[in-house]
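Working notes for the structure below.
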């Protein structure tokens with residue numbers, strides 16, 4: 001028996017198992033009675049509303065410490081350069097009193113991109 005025959009035999013037995021499993025799941029689903037009116041109503045009440053919430057019209061409030069100043073940027077640059085080649089953004093977030101490491105890492109990427117001039121602006125522009 002060559003390798004192709006072995007692979008074909010293995011895949012055909014796998015597909016037979018999949019077909020049996022699918023048929024069994026289908027048979028189980030068909031054999032269950034449909035939900036009652038009361039069950040349907042309970043489901044509708046538990047399901048999140050598709051209507052917009054009251055907060056949808058309100059302006060988003062920024063989290064505390066989410067804005068970046070030039071001083072914050074300078075501190076971040078100093079921290080990153082002092083710990084190279086290792087970059088521990090969770091530690092930088094703790095030192096800078098920012099929300100999380102993801103925010104700090106994203107800000108670092110913004111600083112690097114602006115320093116390179118990739119987005120058409122120089123670093124001296126506003127946040």
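Numbering (full-length UniProt numbering), first residue to last: 1 to 127. Ideal Cβ placement from N, Cα and C applies to all residues, glycine included. Being a predicted model, the structure only gives us computed values, none of them experimental.
Cβ atoms of residue 101 and residue 93 come within 8 Å of each other, at about 5 Å. Beyond the five residues adjoining it in sequence on each side, residue 72 comes within less than 7 Å, by CB distance, of 96 in the same chain, given in chain order.
Here DSSP, grouped into helix, strand and coil, assigns residue 39 to helix.
Per DSSP, the continuous alpha helix (DSSP H) segment holding residue 75 begins and ends at 70–83. A residue is called buried when at least 16 other Cβ atoms come within 10 angstroms of its Cβ; residue 107 meets this threshold and is buried. Assignment of residue 103 by DSSP, reduced to helix, strand and coil, places it in the helix class. When the Cα atoms are used, residue 110 and residue 68 turn out to be separated by approximately 11 Å.
Counting every other CB atom within 10 Å of its CB across the protein chains shown gives residue 104 a total of 16 or more, marking it as buried. The criterion of a C-beta distance shorter than 8 Å is not satisfied by residue 77 and residue 87. Annotation: residue 86 is outside any alpha helix (DSSP H) and is labelled neither H nor E by DSSP.
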